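Novice: As given, the protein sequences belong to chains G and S, one line each in that order. Okay, so the first sequence: first residue is 1 according to our numbering, each after it adds one. Okay, so the second sequence: first residue is 1 according to our numbering, each after it adds one. Glycine included, C-beta positions come from ideal geometry on N, C-alpha and C. Keep in mind that this is a model prediction, so the values were computed, not measured.
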Amino acid sequence: QKEVEQNSGPLSVPEGAIASLNCTYSDRGSQSFFWYRQYSGKSPELKMSIYSNGDKEDGRFTAQLNKASQYVSLLIRDSQPSDSATYLCAVNDNYGQNFVFGPGTRLSVLP
Amino acid sequence: DAMVIQNPRYQVTQFGKPVTLSCSQTLNHNVMYWYQQKSSQAPKLLFHYYDKDFNNEADTPDNFQSRRPNTSFCFLDIRSPGLGDAAMYLCATSREEQDPFFGPGTRLTVL
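(1) Tell me the DSSP secondary structure of Gly82 of chain S in three-state form.
(2) Have a look at Ala17 of chain G and Gln37 of chain S and give me their C-alpha separation to the nearest angstrom.
(3) Is the CB of Met3 of chain S under 9 Å away from at least one CB in chain G?
(4) Would you please state the rounded distance, in angstroms, between the beta carbons of Phe61 of chain G and Pro100 of chain S? I believe it to be under 8 Å.
(5) For the stretch 50 to 71 of chain G, which residues have a beta carbon sitting closer than 8 Å to at least one beta carbon of chain S?
(6) Which chain G residues are close to Ala42 of chain S, counting only those with a beta carbon under 7 Å from its beta carbon?
(7) Quick one: what's got a C-beta closer than 6 Å to Ser49 of chain G's C-beta in the same chain, skipping five residues either side?
(8) List the residues of chain G that Leu111 of chain S touches, going by C-beta distances under 8 Å, in chain order.
(9) Using the rule of at least 16 other Cβ atoms within 10 Å of the residue's Cβ for burial, across every protein chain shown, is Gly102 of chain G buried or exposed?
(10) Could you check whether the Cβ of Asn98 of chain G sits closer than 9 Å to any Cβ belonging to chain S?
(11) Drop a sphere of 10 angstroms on the beta-carbon of Asn66 of chain G, count the other beta-carbons inside from all chains shown, and report buried for 16 or more, exposed for fewer.
(12) Which residues in chain S have a C-beta closer than 7 Å to the C-beta of Leu46 of chain G? List them in chain order.
(13) Could you check what DSSP says for Pro44 of chain G in three-state terms: helix, strand or coil?
(14) For Val4 of chain G and chain S, any beta-carbon pair shorter than 9 Å?
(15) Would you mind reading off the limits of the beta strand (DSSP E) that contains Met88 of chain S?
(16) Starting from the beta carbon of Ser43 of chain G, find every residue of chain S whose beta carbon is closer than 7 Å, and list them in chain order.
(17) Applying the criterion that 16 or more other CB atoms from any shown protein chain within 10 Å of the CB defines a buried residue, is Gln80 of chain G buried or exposed?
(18) Could you give the distance in angstroms between the alpha-carbon of Gln64 of chain G and the alpha-carbon of Gln14 of chain S?
(19) Let me know the secondary structure DSSP gives Asp53 of chain S once reduced to three states.
(20) If contact is defined by three or more beta carbon pairs under 8 Å, each pair taking one atom from either stretch, is the stretch 59 to 72 of chain S in contact with the stretch 1 to 20 of chain G?
(21) Within a Cβ cutoff of 7 Å, which residues of the same chain sit near Asn56 of chain S, ignoring the five residues on either side of it in sequence?
(22) Would you call the stretch 42 to 58 of chain G and the stretch 20 to 29 of chain S touching, i.e. three or more CB-CB distances under 8 Å?
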């Protein structure tokens, strides 16, 4: 059974601070890794995707992947209240059809 | 704009009364997914279509059925809704091996 684990939170950070969200996965064959943001009552929207070891930056967001440790993280610099949401980690297998989501981490950025 | 549309956005049904949720897309994606998401939980994949090929998750109850009459449309049929089926139902689409793009969801209430 493929599993994706995240701390459920809530994770509270002050405005302007760095928020660090973590995710571990069980399937060593996983090839693609995603972070989705989901506001309350809304559907998930893709924030970041990462496919190879290392860091990938997009504005204030940085995704980090370490396949040896089966670990993927999302860093949010200069956190804003508008970043407050649930962040879902998702992992995809070799065949591209079996997305597995983690339970999500609820982030609260305090003004 | 290319998009994923779900109808209705809110559906109320009675215990045991069949209900059909619909999803349409203008993205011309060949993969379509149905997810169930309950409060504070990760989206759970019910089934997906890779083109016309139907793929049912092992733990999806028989109460849930799906149809994909053409590339653009996909339906979720719940034959005899129970109270435990109350959830947000998310339709998503993708090209193979790419990240799913989610529709706005249908929130189902079972009375």
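Specialist: According to the structure shown:
(1) Coil.
(2) 30 Å
(3) no
(4) In fact, because the Cβ distance is near 19 Å, the residues do not count as touching under 8 Å.
(5) none
(6) For Ala42 of chain S, the neighbours in chain G by C-beta distance under 7 Å run, in chain order, Leu88, Phe101, Gly102, Pro103 and Gly104.
(7) Phe34
(8) Within chain G, no residue comes near Leu111 of chain S; the closest Cβ sits about 20 Å away, beyond 8 Å.
(9) buried
(10) yes
(11) Classification for Asn66 of chain G: exposed.
(12) Asp99
(13) Coil.
(14) yes
(15) Ala87 to Ser94
(16) Leu90, Phe102, Gly103, Pro104 and Gly105
(17) Label assigned to Gln80 of chain G: exposed.
(18) So the alpha carbons of these two residues sit roughly 46 Å apart.
(19) Asp53 of chain S: strand per DSSP, three-state reduction.
(20) no
(21) If we look at Asn56 of chain S and ignore the five residues flanking it on each side, its Cβ neighbours are Phe47.
(22) no
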